[in-house]
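Contents: one structure, followed by commentary.
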Amino acid sequence: MTTRRKGGAPKSMEAALQMEQVPLSSMMMGDDPTSNNETNGHAVVNGLTGKTLTIANTSVPLAVVKRRKYGTGPFDENWLNRDCCGLFCALITYGLHCYGVYAVCLVLLPPWMSETDEEGVRSFTLAGHFHRLAFTATAVLAVSAHFKAMTTDPGAVPPDAIPLEETKPLEPINSINNDSEENGEGSASPRKGKKLCRRCKTFKPKRAHHCSVCRRCIIKMDHHCPWVNNCVGIGNHKYFLLFVFYTFLSCLYSFLLVMIRFYTCMGQHGHVRTHRMTCLDRPSQLLTILGLLVEAFLFGMFTACMVIDQSSVVSSKMTHIDRLKGGEDDPVSSLAGVIEVFGLSARRGNDPRFRPDWLSPFAKVCFPSSLQDE
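Here is the structure:
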């Protein structure tokens, strides 16, 4: 009976076939990691066995990479944080928006903005169709923006990222490795500003911060939001803002509809005008309207505070983490921060004027050239 160490080879061939062994040097140089190569006493067959790979008389250890369908790893196919708490909050968000559409379009509006013909068939008026479509479209935009914010890479730093080359030539370090100097192998000094993350062991750019939930360094990370089950970074900041904005708009819309309906149904002394209109089809629907009112008020206040808070982040180009670390505001116009979040037009170039696609969660962000390097 044989035993194996923790983290060793898979127990079965089926489990092994689900694992891809990719040499790090092959990923960097574009070599085929599945080619047969002789190793130190081992042969790599179909990329499943072997511990070292010989390249130019140098033994390079193989890295075992598991490519998942969904995840936040650098080799996963689709970005999705599989945190249970975040996924539960996302489901609650979708459920609240569905509840709002149900309460407004199927409970509040039918007895208010509809007409009944001689046969007893009820049909919406023009105003009823307008408010039903407008509220549903607002909820759809909010849910779409949430889905994009949750499934978009927020700006994770790749594991092979390196800082940009300096314009100033690098001088060799004479105080280290004198033997290499005798052999004519000078070692260059590290690039200015190069910083490694202590947790993920990768290059950490200037405006990047490590997220303990996503387990990645995120460029321009503002915070990790459990409601969108993702970090809010440079890659999905637009979608997060649109989600907050459309959720606030949906809450305000439903709150105003309930208040107007309450005013039209109640008399001066608080009595219901049953001789002119029917406020609700069934008395039990009053609980549905009260739930809608509570939801609209609570989440409307929360998203309103978020909109005000995020407006300062966008205008100053300074995230909350940078402020906590003592960072100073970037001395630029507030429009530059808006362009950094919502992007530029592919047709008009650097034209900073407002565009309708800023409000669309389906439009891809075209970042300025100054941000493409990041």
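FYI, this note's numbering numbers position 343 of the sequence shown as 437, with every residue one higher than the one before it. Built from N, CA and C at the ideal position, the CB exists for glycine as well.
Here F337 really is in contact with V322; their C-beta atoms are around 7 Å apart, less than 8 Å. Residue nearest to F456 within the set Y188, F224, Y164 and T245 is T245 (criterion: CA-CA distance). In the DSSP assignment, S348 falls within the unbroken alpha helix (DSSP H) covering H331 to C359. Under the three-state reduction of DSSP output, A302 falls in the strand class. Rounded to whole angstroms, the gap between the alpha carbons of V435 and V408 is 7 Å. Ranked by Cα distance from A184, the options L384, P377 and P320 are led by P320.
Annotated three-state conformation of W173 is strand, per DSSP. In chain order, V198 and Y347 place their CB closer than 6 Å to the CB of F229, counting only its own chain and leaving out the 5 sequence neighbours on each side.
Here R310 is not near H317, since their CB atoms are 9 Å or more apart. Taken through DSSP and simplified to helix, strand or coil, G189 comes out as helix. Going by DSSP, R310 is part of no alpha helix (DSSP H) but of the beta strand (DSSP E) stretching over R310 to I313. Excluding five sequence positions before and after A221, the CB atoms of its chain that fall closer than 6 Å to its own CB belong to M207, given in chain order. Taking C-beta separations shorter than 8 Å and ignoring five residues to either side along the sequence, the partners of I415 in its chain run H303, M315, D316 and H317, following chain order. C291 is not a Cβ neighbour of K300, given a cutoff of 9 Å. By the criterion of a C-beta distance shorter than 6 Å, R293 is surrounded in its chain by H304, once the five residues flanking it on both sides are discounted. Bounds of the alpha helix (DSSP H) holding F393 are Q379 to S410. For R216, the enclosing beta strand (DSSP E) has its first and last residue at R216 to F218. By a beta-carbon distance limit of 8 Å, L387 contacts V352. Their separation comes to about 5 Å. Taken atom to atom, the span from the alpha-carbon of C460 to that of G249 is near 14 Å. In this structure, DSSP gives T210 an extended state, which the three-state scheme calls strand. Beta-bridge partners of H317 (DSSP): V326. By the Cβ neighbour-count rule, V215 is exposed, with fewer than 16 other Cβ atoms within 10 Å of its own. Taken atom to atom, the span from the alpha-carbon of I313 to that of G194 is near 35 Å. In the displayed model, F461 falls within coil according to three-state DSSP, outside both helix and strand.
Secondary structure note for L290: it is in no alpha helix (DSSP H), with a DSSP letter that is neither H nor E. Secondary structure note for L418: its alpha helix (DSSP H) is the uninterrupted segment H414 to L418. Secondary structure of F297 (DSSP, three-state): strand.
By the neighbour-count criterion, in which a residue is buried when 16 or more other Cβ atoms sit within 10 angstroms of its Cβ, T166 is buried. With respect to the 9 Å criterion, H191 and S344 are classified as neighbours on the basis of their beta carbons. Note that the C-beta distance between K458 and G437 is below 9 Å.
Nearest in C-alpha terms to H240, of all of F391, F224, P204 and G189, is G189. In this structure, the beta-carbon distance from F218 to L203 falls below 9 Å. The beta carbons of F342 and T413 sit no closer together than 9 Å. Around the beta carbon of N175, a 10 Å sphere encloses 16 or more other beta carbons of the protein chains shown; the residue is thus reported as buried. Nearest neighbour of Q404 by Cα position, chosen from D375, Y333 and H225, turns out to be Y333.
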